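For the sequence shown, my numbering begins at 313 and goes up steadily by one.
Idealized CB from N, CA, C, for every residue including glycine.
Nothing here was measured: the structure is a model prediction, and the numbers come from that model.
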Amino acid sequence: MLRGLLHITETCTVFHCFMYIMKEVTLEELSSPGCQICKAFEEFWHSIESHFPNVRYKNISATTPEGIEMAGTYEIFASPGIVLNGELFSAGKFDKDKFMKKLKEVSQ
């Protein structure tokens, strides 16, 4: 599904703004209680989420039936499990630069 969004850069002026279509993206994080990497990813996501209004984020605990099913479906053996649009991006760790690159890619 495509969503029309007006993206205004921080340096936007009356003459310098651009509009583009951003695809809706689903971001799911499979997290475990006490997982410091999970907490770091969640904090990172919340620090950038205002730049990605097209992304629907959901944190899923690995201790819930939904989390257990997700771990089995994507064969996630380490937390956090990060899934973008139904595709496993990473498990057990995350690289901020690679994540940003992939997030921008799936948003276009």
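Member of the options whose CA lies at the smallest distance from the CA of residue i
{"i": "Ala390", "options": "Glu340, Ser344, Leu339", "result": "Ser344"}
{"i": "Ser359", "options": "Lys408, Glu417, Lys413, Lys414", "result": "Lys408"}
{"i": "Gly427", "options": "Thr375, Phe411, Met412", "result": "There is no way to answer for residue 427, as the model of the chain reaches only from 313 to 420."}
Residue i beta carbon near the ligand ADP (any heavy atom closer than 7 angstroms)
{"i": "Ser419", "result": "With respect to the ligand ADP, the structure offers nothing, as it holds no ligand at all."}
Beta-carbon proximity of residue i to residue j, cut-off 8 angstroms
{"i": "Pro392", "j": "Phe364", "result": "no"}
{"i": "Leu339", "j": "Leu396", "result": "yes"}
{"i": "Ile349", "j": "Lys414", "result": "no"}
Close Cβ partners of residue i (< 6 angstroms) along its chain, the five nearest in sequence each way excluded
{"i": "Ala403", "result": "Ile388, Ala390, Gly393"}
{"i": "Leu400", "result": "Tyr386"}
Cross-strand partners of residue i (DSSP beta bridge)
{"i": "Tyr369", "result": "Leu339"}
{"i": "Val395", "result": "Glu340, Leu400"}
Length of the line joining the Cα atoms of residue i and residue j
{"i": "Thr321", "j": "Gly384", "result": "For Thr321, the predicted model reports a pLDDT of 47, less than 50, meaning its position is unreliable and no value from the coordinates is stated."}
{"i": "Ile372", "j": "Glu381", "result": "11 angstroms"}
{"i": "Pro377", "j": "Lys416", "result": "31 angstroms"}
Sequence-distant residues of its chain with Cβ nearer than 8 angstroms to residue i (five each side left out)
{"i": "Lys370", "result": "Thr338, Leu339, Glu340, Glu341"}
Neighbourhood of residue i by C-beta distance below 7 angstroms, restricted to the same chain and skipping five residues each side
{"i": "Gly379", "result": "Leu342, Ile372, Ser373"}
{"i": "Lys351", "result": "none"}
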